[in-house]
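Novice: Using the numbering used here, you'd call the opening residue of the sequence shown number 12 and step up by one each time. Glycine is no exception: its CB is placed at the ideal position from the N, C-alpha and C atoms. Predicted, not measured: the structure shown is a model, and the values here were computed from it.
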Amino acid sequence: MDRKALAGRDFIESLDWPVEEIEEALAVSAELKEKFRRGEPHRLLPDKTLFMLFLDKSTRTRNAFEAGMTQLGGHAHYLDAEKTQVAHGESPKDMGVILSRYGHGIAIRHDLVPYEGNAYMREVARHAEAPVINLQCDVDHPTQTLADLMTMREHRGEDLAGLRVAVSWAYAPSYAKPLSVPQGLCTLLPRFGIQVILAHPPGWELMPEVMANAEQAARDGGGSISPTQDMDAAIEGADVVYPKSWGNLDLFRDEQAALAASKRYRDWICDARRMSLAKPDALYMHCLPADRGNEVTDEVIDGPRSVIYDEAENRLHTGKALMALTMGGYA
Ligand code: CP
């Protein structure tokens, strides 16, 4: 496809982009990864500025986009929302219009409050002239799931149709993690023919509107989403095991209650016994940060089937591809 066509486009949910555009983003990611490995300059966005507004913490996303923008020849401003007028209630419209006049792209993380983040960034995008990239919201974490898809292809080949991916809830005492990664995996992977087996305890259901869209996309894409409340059953025969924690939708505004309720499911951990249920060569994946010793044992996350560092590295290459495409690097 013509890469110019993606200049100026927002990337808020992976569902907003047809499969052929996602394929183009993956192709650019692979090209930029190779150039980075060879030390070949790839200054596709010279003198351009990306504003990155964070309403939550980040290690991978911030650094992948910030380093990536430097490698593309531009600059990324990190904006801690608490240090901006967003904290005083400045409107998404005013943010979108003004930042568009200062630079060439806006990226936002607003993921901690269900039914707020996606609506906020769509409102910014409605008024911004610059493209808006979702760095994780309540609905989707599309820059993460694109990196996950790239990692699966690197390890399992281009055609992922029929691959069984176990996306399971796991216990974590650290904080109520957003629902957007499992939702994003359910939304994106079945569009490539992947069979997602989604496991969680009763009460840890994902957002119903998002899952309805994911199921429709799965039907259109030839993949599937099969829910279960049994972690072992999800992992049995899986090609990829992707267990991670997420918060309880009904208890999101009361983190202590959510964490207390989740203690009942402390045995939802990915350990060697559970990995032995998967295919012998199954991959272990996690978007990170992981609650080691709770979501997963060190033996598994540091073991030979774990591809977590490839997955984290691919955040850089996919992030750069998305910036280059949407911010006019090929226009
Ligand atoms: N996976 C991910 O988004 O990591 P950060 O929260 O560190 O950005």
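1. Whose C-beta lies closer than 7 Å to the C-beta of Gly173 among residues of the same chain, with five residues either side of it excluded?
2. Going straight from the alpha carbon of Phe62 to that of Thr156, what length do you get?
3. What residues in its chain sit with their C-beta under 8 Å from that of Leu37, if we drop five residues either side in the sequence?
4. My understanding is that Gly258 touches Leu190, with C-beta atoms under 8 Å, so please give their C-beta distance in whole angstroms.
5. Cβ atoms of Thr308 and Pro142: under 7 Å apart, would you say?
6. For Gly232, which of Phe76, Leu171, Gly19 and Phe47 has the nearest alpha-carbon?
7. What's the C-alpha gap between Met218 and Pro52?
8. Looking at the structure shown, is Phe47 part of a helix, part of a strand, or coil, going by DSSP?
9. Can Leu288 and Asp243 be called in contact, C-beta distance under 7 Å?
10. Find the nearest neighbour of Asn145 within the set Trp28, Leu294 and Met296, judged by alpha-carbon distance.
11. Rounded to whole angstroms, what is the Cα-Cα separation between Ala177 and Glu216?
12. Quick one, are the C-beta atoms of Pro125 and Asp105 less than 7 Å apart?
13. Check Val224 in the structure and name its three-state DSSP category.
14. Ignore the nearest five residues each way along the sequence and tell me which others in Arg54's own chain have a CB closer than 7 Å to its CB.
15. Could you give the distance in angstroms between the alpha-carbon of Asn359 and the alpha-carbon of Leu199?
16. In the DSSP assignment, the beta strand (DSSP E) including Lys255 goes from what residue to what residue?
17. What are the boundary residues of the alpha helix (DSSP H) that Asp309 is part of?
18. In or out: Tyr182 buried (at least 16 other Cβ within 10 Å) or exposed?
19. Just tell me which of Val97, His115 and Thr72 has its CA closest to the CA of His86.
20. Distance check for Gly248 and Ile208, CA to CA, integer angstroms please.
21. Since Leu55 is in the beta strand (DSSP E), which residue starts that stretch and which ends it?
22. List the endpoints of the continuous beta strand (DSSP E) containing Ala177.
23. Please report how far the alpha carbon of Tyr341 lies from the alpha carbon of Lys59, in whole angstroms.
24. Please determine whether the Cβ atom of Gln155 lies at a distance below 6 Å from any heavy atom of the ligand CP.
Specialist: Taking the coordinates as given:
1. As a working note, residue 173 is residue 162 in the sequence shown. Excluding positions up to five away in sequence, the list reads Gly204 and Gln206.
2. Residue 62 sits at position 51 when you count from the first residue of the sequence shown. Residue 156 sits at position 145 when you count from the first residue of the sequence shown. So the two alpha carbons sit approximately 22 Å from each other.
3. Within the sequence shown, the letter at position 26 stands for residue 37. Within the same chain, Leu37 has close Cβ partners Leu157, Leu160, Met161, Arg164, Thr329 and Ala332.
4. Within the sequence shown, residue 258 is the residue found at index 247, counting from 1. Within the sequence shown, residue 190 is the residue found at index 179, counting from 1. Sure, about 7 Å apart at Cβ, within 8 Å.
5. As a first step, residue 142 must be located in the sequence shown, where it is residue number 131. As a first step, residue 308 must be located in the sequence shown, where it is residue number 297. Not closer than 7 Å, so no.
6. Along the sequence shown, one-based indexing puts residue 232 at 221. For the residues Phe76, Leu171, Gly19 and Phe47, the minimum Cα distance to Gly232 belongs to Leu171.
7. Position 207 of the sequence shown holds residue 218. Position 41 of the sequence shown holds residue 52. Near 42 Å, if we compare the C-alpha coordinates of Pro52 and Met218.
8. Here residue 47 refers to the residue found at position 36 when the sequence shown is read from its first residue. Phe47 falls in the helix class under three-state DSSP.
9. As a first step, residue 288 is located in the sequence shown; it is residue number 277 there, counting from the start. As a first step, residue 243 is located in the sequence shown; it is residue number 232 there, counting from the start. Contact flag set, yes.
10. Within the sequence shown, numbered from 1, the residue matching residue 145 stands at position 134. Residue Trp28 is the option with its Cα nearest to Asn145.
11. Reading the sequence shown from its first residue, position 166 is the one you call residue 177. Reading the sequence shown from its first residue, position 205 is the one you call residue 216. Computed Cα separation, rounded: 15 Å.
12. Along the sequence shown, read from residue 1 onward, the residue named residue 125 stands at position 114. Along the sequence shown, read from residue 1 onward, the residue named residue 105 stands at position 94. Not a contact, by the Cβ cut-off of 7 Å.
13. Numbered from its first residue, the sequence shown carries residue 224 at position 213. According to the sequence as given, residue 224 is Asn; it is not Val. DSSP places Asn224 in helix when its eight states are reduced to three.
14. Mapped onto the sequence shown, residue 54 falls at position 43. Contacts found: Leu83 and Gly84.
15. It is not possible to answer for residue 359, since the shown part of the chain is limited to 12 through 342.
16. Indexing the sequence shown from 1 puts residue 255 at position 244. Where Lys255 is concerned, the enclosing beta strand (DSSP E) stretches over Val251 to Lys255.
17. In the sequence shown, counting from the first residue as 1, residue 309 sits at position 298. Where Asp309 is concerned, the enclosing alpha helix (DSSP H) stretches over Asp309 to Ile312.
18. Here residue 182 corresponds to residue number 171 of the sequence shown, with the count starting at 1. Buried, by the Cβ-count rule.
19. As a working mapping, residue 86 is identified with position 75 in the sequence shown. It is His115.
20. The residue you call residue 208 lines up with position 197 of the sequence shown. The residue you call residue 248 lines up with position 237 of the sequence shown. One C-alpha to the other measures close to 11 Å.
21. Residue numbering aside, residue 55 sits at position 44 when the sequence shown is read from its first letter. It is not in any beta strand (DSSP E) - Leu55 carries neither H nor E in the DSSP assignment.
22. Looking up residue 177 in the sequence shown gives position 166. Where Ala177 is concerned, the enclosing beta strand (DSSP E) stretches over Arg175 to Trp180.
23. As a first step, residue 341 must be located in the sequence shown, where it is residue number 330. As a first step, residue 59 must be located in the sequence shown, where it is residue number 48. The alpha-carbon atoms of Tyr341 and Lys59 are separated by roughly 13 Å.
24. On the sequence shown, position 144 is the one that residue 155 refers to. Checking the Cβ of Gln155 against the ligand CP gives yes.
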